[in-house]
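Shown next, in structure tokens, is the structure this report addresses.
In full-length UniProt numbering, the protein residues as written are 1 to 340.
Laid out in structure tokens, this is it:
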């Protein structure tokens, strides 16, 4: 029964606002694989940058809060992370671009960096956002909400493309939700209940390196989008029978609300929001001297762990699926689990 969903497109976490809408999109365009997103089409999309370099995506879920993948922050300095919103341009020159410092990064306390279970993190912004046509929060799903097999949802980001070049424009594509048991079979029974698969069995359209932490958003009621997943991992990119694996947001709903209900971090600007204190357990990243490149990401084999340097560049769309190799990047073969 989906009747209650129509009542959940208002997010009230110390404030009330509409969520999941696209007021800046005057003409909804047909979603196809690997195309440029128009201004206001994905208003909850965020680019996370360290030292002015895009390394991961994130999603707006409240005026002070972003949701991303926990593995994005294994080798970052929280004090140097900037969040860019309101733009489809990676260089941030769009007049609608808003740049905000990140006050803290909270990884899920059960995050497992080896199998990428509980791959979710919440970012608190240093000051609250002002929502407009180009900056909007996506709706968080109910904990019991189901996203049926075959449902078409939108993925977006500035990650690797077929040509392995850095696109300036935000990329978006439509992918279908894939049966959990079948996807688990395709990945040699390595999935957990905190994961959800989306893509196409024939490959060709997928998220890829640099898209990590970005949204898998599904239109549940006309014009209202809910966050079904967070870009997490996969084998290669856009390979046949190797769909993208996303963190399943419904499994983290209670934890997310607990964090969002906390009092703001001291020193943050709270002029447009208020909150109620609630206890919560989390892993809080504290600033540490950076000893490695901020764009190092891990490539995980099923039995062993290796490290490679990831070029953070947009959404993967390929012809016939095949492994790729670029300078500074190890060859992606069908026995590699790749953090996106």
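Ideal Cβ placement from N, Cα and C applies to all residues, glycine included.
- request: Count the other CB atoms, across all protein chains shown, that sit within 10 Å of the CB of residue 124; report buried if there are 16 or more and exposed otherwise.
  value: Per the 10 Å Cβ criterion, buried.
query: Closest by CA to residue 239, which one among 39, 252, 200, 137?
result: In terms of CA proximity to residue 239, 200 leads the group 39, 252, 200, 137.
- request: Identify which residue in 192, 102, 72 has its Cα closest to the Cα of residue 128.
  value: Distance from the Cα of residue 128 is smallest, within the candidate group 192, 102, 72, for 102.
Cα-Cα separation between residue 87 and residue 183, rounded to whole angstroms: If you take the alpha carbons of residue 87 and residue 183, they lie about 34 Å apart.
field: Contact under 8 Å by Cβ, residue 126 with residue 107
entry: No; because the gap between Cβ atoms is not below 8 Å, this pair is not in contact.
query: Is it right to say residue 242 is buried, meaning 16 or more other beta carbons lie within 10 angstroms of its own, or is it exposed?
result: A buried status is given to residue 242, since no fewer than 16 other beta-carbon atoms sit within 10 Å of its beta-carbon.
For residue 224 and residue 18, the rounded distance between their alpha carbons: Put simply, the backbone Cα of residue 18 is about 9 Å away from that of residue 224.
message: Measuring alpha carbon to alpha carbon, tell me which residue in 204, 57, 216 is nearest residue 70.
response: Checking every option, the nearest Cα to that of residue 70 belongs to 57.
task: Could you name the residues that DSSP lists as bridge partners for residue 112?
output: Beta-bridge annotation (DSSP): residue 112 is paired with 117.
field: Burial state of residue 202, where buried means 16 or more other Cβ atoms lie within 10 Å
entry: Exposed, because fewer than 16 other Cβ atoms sit within 10 Å of the Cβ of residue 202.
- prompt: Can you list the beta strand (DSSP E) stretches of 3 or more residues lying completely in the segment 129-168, in chain order?
  reply: The DSSP assignment places 152-157 as complete runs of the beta strand (DSSP E) inside the segment 129-168, in order along the chain (cut-off: 3 residues).
query: How would you call residue 264, buried or exposed, if buried means at least 16 neighbouring beta carbons within 10 angstroms?
result: Label assigned to residue 264: buried.
task: Take the Cβ of residue 157 as the centre, count every other Cβ of all protein chains shown within 10 Å, and call the residue buried at 16 or more, exposed below.
output: Buried, by the Cβ-count rule.
- request: Identify whether residue 55 lies in helix, strand or coil by the three-state DSSP scheme.
  value: Residue state, collapsed to three classes: strand.
message: Just to confirm before moving on: does the CB-CB distance between residue 179 and residue 130 stay below 8 Å?
response: The answer is no: Cβ separation not under 8 Å.
- request: Look at the alpha carbon of residue 210 and the alpha carbon of residue 231, and state the distance between them as a whole number of angstroms.
  value: In a straight line, the C-alpha of residue 210 is about 10 Å away from that of residue 231.
query: Secondary structure at residue 218, three-state DSSP: helix, strand or coil?
result: In the three-state reduction of the DSSP assignment, residue 218 falls in the strand class, which pools E and B.
- request: Find the nearest neighbour of residue 76 within the set 217, 55, 175, 95, judged by alpha-carbon distance.
  value: That would be 55, whose Cα lies nearest to the Cα of residue 76.
- prompt: Excluding the five sequence neighbours on either side, which residues of its own chain have a C-beta within less than 6 Å of the C-beta of residue 155, listed in chain order?
  reply: Excluding sequence neighbours, residue 155 sits near 173, 175, 207, 216.
- prompt: alpha helix (DSSP H) containing residue 233: first to last residue?
  reply: That residue, residue 233, is in no alpha helix (DSSP H); its beta strand (DSSP E) goes 224-234.
field: Same chain, Cβ closer than 7 Å to residue 20, neighbours up to 5 away in sequence not counted
entry: Once the five neighbours on either side are set aside, the close Cβ partners of residue 20 are 9, 138, 139, 224, 225, 226.
- prompt: Nearest to residue 196 by CA position, among 233, 251, 246, is which residue?
  reply: Measuring from the Cα of residue 196, the nearest candidate turns out to be 246.
task: May I have the straight-line CA-CA distance separating residue 408 from residue 193, to the nearest angstrom?
output: What is shown of the chain runs 1 to 340, which leaves residue 408 out entirely.
- request: Output the distance between the C-alpha atoms of residue 221 and residue 228, rounded to the nearest integer angstrom.
  value: Their Cα atoms are separated by approximately 14 Å.
- prompt: What are the start and end residues of the beta strand (DSSP E) that includes residue 106?
  reply: For residue 106, the enclosing beta strand (DSSP E) begins and ends at 98-107.
task: Assign residue 144 to buried or exposed, taking buried as 16 or more other Cβ atoms, counted over all protein chains shown, within 10 Å of its Cβ.
output: Around the Cβ of residue 144, a 10 Å sphere holds fewer than 16 other Cβ atoms; the residue is exposed.
query: In or out: residue 147 buried (at least 16 other Cβ within 10 Å) or exposed?
result: Under this definition residue 147 is a buried residue.
- request: Express the C-alpha separation of residue 169 and residue 188 in angstroms, rounding to a whole number.
  value: For residue 188 and residue 169, the distance between alpha carbons rounds to 35 Å.
Endpoints, the beta strand (DSSP E) within which residue 65 is located: Residues 65-68.
task: Measure the alpha-carbon distance for residue 85 versus residue 186 and round it to whole angstroms.
output: Straight-line Cα distance between these residues: approximately 36 Å.
- request: Find out if the Cβ-Cβ distance for the pair residue 80, residue 50 is shorter than 8 Å.
  value: Residue 50 is positioned such that its CB atom lies closer than 8 Å to that of residue 80.
query: When burial is assigned at 16 or more other CB atoms within 10 Å of the CB, is residue 266 buried or exposed?
result: Answer is exposed; the Cβ neighbour count stays below 16.
- request: Measure from the alpha carbon of residue 135 to the alpha carbon of each residue in 177, 256, 235, 60, then state which is nearest.
  value: The shortest Cα separation from residue 135 among 177, 256, 235, 60 belongs to 60.
message: From the DSSP secondary-structure annotation, give me the bridge partner or partners of residue 177.
response: Residue pairing for residue 177: DSSP places it in a beta bridge opposite 198.
query: Where does residue 186 sit, in a helix, a strand or coil, going by DSSP?
result: Residue 186 falls in the helix class under three-state DSSP.
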